[in-house]
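Have a look at the structure below, then the notes.
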Amino acid sequence: MAKALVPMEGGGMAGWISSFQSTWNSGSMWGELTQAAALIGLVVVFAFGYRVVRRVISGASRGKAKI
Numbered sequence: 119m120a121k122a123l124v125p126m127e128g129g130g131m132a133g134w135i136s137s138f139q140s141t142w143n144s145g146s147m148w149g150e151l152t153q154a155a156a157l158i159g160l161v162v163v164f165a166f167g168y169r170v171v172r173r174v175i176s177g178a179s180r181g182k183a184k185i
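Residue numbers (this note's numbering): 119 to 185.
Quick look at the structure:
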């Protein structure tokens with residue numbers, strides 16, 4: 119996300135809000151959500167794979183396949 123520049127004449131919270139409203143739009147929002155979705159998808163796939171590997175390893179120590 120691009121840094122919002124606060125204009126010197128506005129200053130304070132009002133300047134920050136007006137700067138935020140001018141830079142934040144639906145295009146930038148979807149860009150951030152797309153990046154976050156890729157990360158969340160990667161975490162879910164890793165967690166699923168980790169769980170499967172743990173089950174296989176725990177079953178292999180007893181001579182049983184637990185898939």
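Think of the CB as a built atom: it goes at the ideal place given N, C-alpha and C, for glycine as much as any other residue.
### Query
Where do the ends of the alpha helix (DSSP H) carrying R180 lie?
Per DSSP, R180 belongs to no alpha helix (DSSP H) and is neither H nor E.
### Task
Could you have a look at W148 and say whether DSSP puts it in helix, strand or coil?
In this structure, W148 counts as helix in the three-state DSSP scheme.
### Message
On the DSSP letters alone, give me the boundaries of the alpha helix (DSSP H) that W134 sits inside.
### Response
It spans G130 to T141 - the alpha helix (DSSP H) in which W134 sits, taken as one unbroken run.
#### Entry: Backbone CA spacing between W142 and A154 [nearest angstrom]
Their backbone Cα atoms lie some 17 Å apart in a straight line.
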